[in-house]
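Worksheet for the structure shown next.
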Amino acid sequence: MNIADSRPVYVQLIDRIYKMVLSGQYPPGAKLPTVRELAEQMQANPNTVQKALYYLEERKLIYTQRTTGKFITEDKDIIEHARASLARAYTVEFYQKMYMIGIDMAGVKKIINEPEE
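Rendered as structure tokens:
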């Protein structure tokens, strides 16, 4: 975990697992490591990992099969919705940062459309 990140650890874990799912590191239907294994991999307390997994399960990104463990949803619509939601959040953050340094929408378009000299 990033100690410089001021967000709670479980939020950082949620973000990290989301990105692993959306990037395909954990493809649809993939079995997740156990809570203990994830805690070790992510250098976090197992209870904190469990809290993050519970959050993801509430949002249907993962599901539990009682005897075999936790899995990534196979519902591609859920994954695409999560991807679009994260993309919107990144876009808003990007535009906010551009405005903070004095670049308006026209300036952003110019930067994106014109190659660097």
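FYI, in the working numbering the residues of the sequence shown are 3 to 119. All C-beta atoms, glycine included, are put in the ideal place defined by N, C-alpha and C. What you are looking at is a predicted structure, and each value in this text was computed from that prediction instead of being measured.
Exposure of Thr70, with buried meaning 16 or more beta-carbon neighbours within 10 Å: Note on Thr70: under 16 other CB atoms within 10 angstroms of its CB, so exposed under the neighbour-count rule.
Restricting to Cα atoms, I'd like to know which of Ala32, Gln67, Ser87, Asp77 is closest to Asp17. Of Ala32, Gln67, Ser87, Asp77, the residue nearest in Cα terms is Ser87.
Assign Val11 to buried or exposed, taking buried as 16 or more other Cβ atoms, counted over all protein chains shown, within 10 Å of its Cβ. The C-beta of Val11 has 16 or more other C-beta atoms within 10 Å across all chains shown, which makes the residue buried.
Am I right that Arg38 and Pro30 are in contact with their C-beta atoms under 8 Å? What's the rounded C-beta distance? 24 Å between Cβ atoms; not a contact.
Check whether the Cβ atoms of Thr75 and Leu63 lie closer than 7 Å to each other. It is a contact, given that the beta carbons lie within the stated cut-off.
Measuring alpha carbon to alpha carbon, tell me which of Lys112, Ala32, Asp77 ends up nearest Arg61. Selected option, being the one with the closest Cα: Asp77.
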